[in-house]
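Engineer:
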Amino acid sequence: IGVALLGATIISVVPDLEVGNDSLSHLSEQQHLQQHEQQQQQQQHGHKKYNIVRRVRRETQFNTYDWTPETNACIIDYNNHIFNVYSLFICKALCKFVEDVVCRSIEFYPSTGGCSLSEATSHSLSYRAPCPNKNVIFTEISTGETTVLLASNQTAASNQSINSSGCGGEYNSSSG
1 IGVALLGATI ISVVPDLEVG NDSLSHLSEQ QHLQQHEQQQ QQQQHGHKKY NIVRRVRRET
61 QFNTYDWTPE TNACIIDYNN HIFNVYSLFI CKALCKFVED VVCRSIEFYP STGGCSLSEA
121 TSHSLSYRAP CPNKNVIFTE ISTGETTVLL ASNQTAASNQ SINSSGCGGE YNSSSG
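According to full-length UniProt numbering, numbering within the sequence shown proceeds without interruption in unit steps and concludes at 176.
Okay, here's the thing in structure tokens:
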């Protein structure tokens with residue numbers, strides 16, 4: 001049963017979906033969801049905790065994004081939306097399915113279940129690698145485009161070819 005999330009779209013997670021090097025089986029994913037829901041119910045003592053498990057629908061398949069390799073990095077002060085989830089897999093699903101949120105990268109905190117969605121990327125000025133907090137997993141959606149940041153004026157060039165030869169030599173650029 002799907003439940004709307006933040007007045008947005010329904011989050012869907014499919015069992016047996018291969019994510020990176022992890023393959024999730026239907027039974028084990030279902031068991032993890034039930035176990036996590038029970039743990040979250042036990043942990044709720046007077047404070048409201050966002051329970052994403054109830055907002056996950058396992059029957060509908062979704063297309064995954066390609067993600068950059070996971071690393072210890074973070075984006076300082078640009079975590080636009082923060083959730084409590086139990087896995088990196090669910091954090092990635094949130095990045096895709098929460099409408100009204102532009103999500104380009106995530107930070108997942110395995111010890112606490114914190115999931116931060118951000119509009120910023122590793123090309124942002126607030127990106128830190130390694131992250132001051134050692135217990136964080138950072139990954140971002142891979143666009144498949146080549147992006148080059150030019151330090152002098154912070155202009156980005158995408159899908160372009162740049163040819164140059166030697167110091168003070170020729171420079172040509174053509175759209176690709």
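Think of the CB as a built atom: it goes at the ideal place given N, C-alpha and C, for glycine as much as any other residue.
According to DSSP, simplified to helix, strand and coil, what is L125?
Structural biologist: In the structure shown, L125 sits in coil (DSSP, three-state: anything other than H, G, I, E or B).
Engineer: Indicate the three-state DSSP secondary structure (helix, strand or coil) for V101 in the structure shown.
Structural biologist: Note: V101 maps to coil in three-state DSSP.
Engineer: Identify the continuous beta strand (DSSP E) that holds S116 and give its terminal residues.
Structural biologist: Its beta strand (DSSP E) spans residues G114 to S118.
Engineer: Whose C-beta lies closer than 6 Å to the C-beta of C103 among residues of the same chain, with five residues either side of it excluded?
Structural biologist: Closer than 6 Å at Cβ, skipping near neighbours: C95 and L117.
Engineer: Which residues in the same chain as residue 189 place their Cβ atom closer than 8 Å to its Cβ, once the five residues preceding and following it in sequence are excluded?
Structural biologist: It is not possible to answer for residue 189, since the shown part of the chain is limited to 1 through 176.
Engineer: Classify T112 as buried or exposed, calling it buried when 16 or more other Cβ atoms lie within 10 Å of its own Cβ.
Structural biologist: Result: exposed.
Engineer: Got a sec, what are the start and stop residues for the beta strand (DSSP E) N84 sits in?
Structural biologist: That run of the beta strand (DSSP E) goes H81 to N84.
Engineer: Does DSSP put I76 in a helix, in a strand, or in coil?
Structural biologist: If DSSP states are grouped into helix, strand and coil, I76 belongs with coil.
Engineer: Taking a contact to mean a Cβ-Cβ separation below 8 Å, would you say E140 touches T121 in this structure?
Structural biologist: Yes, Cβ-Cβ distance for E140 and T121 is below 8 Å.
Engineer: Tell me the DSSP bridge mates of F108?
Structural biologist: BP columns for F108 point to C115 and I137.
Engineer: Helix, strand or coil for Y50? Go by DSSP, reduced to three states.
Structural biologist: Low confidence applies here, because Y50 scores a pLDDT of 43, under 50, leaving its location unreliable and the question unanswered by this model.
Engineer: For Y78, which residues of its own chain have a beta-carbon under 6 Å away from its beta-carbon, when the five flanking residues on both sides are left out?
Structural biologist: Answer for Y78: S118, A120 and S126, listed in chain order.
Engineer: How would you label S90, buried or exposed, when you count the other beta carbons within 10 angstroms and need 16 or more for buried?
Structural biologist: Before going on, a small fix: residue 90 reads as Ile here, not Ser. Its Cβ being crowded by 16 or more others within 10 Å, I90 is buried.
Engineer: When you compare only the Cα positions, how much space is there between C131 and A93?
Structural biologist: Computed Cα separation, rounded: 23 Å.
Engineer: What's the C-alpha gap between S142 and N84?
Structural biologist: Cα to Cα, S142 sits roughly 24 Å from N84.
Engineer: Skipping 5 residues on each side, what residues in its chain have a beta carbon closer than 6 Å to that of K134?
Structural biologist: Nothing meets the Cβ criterion.
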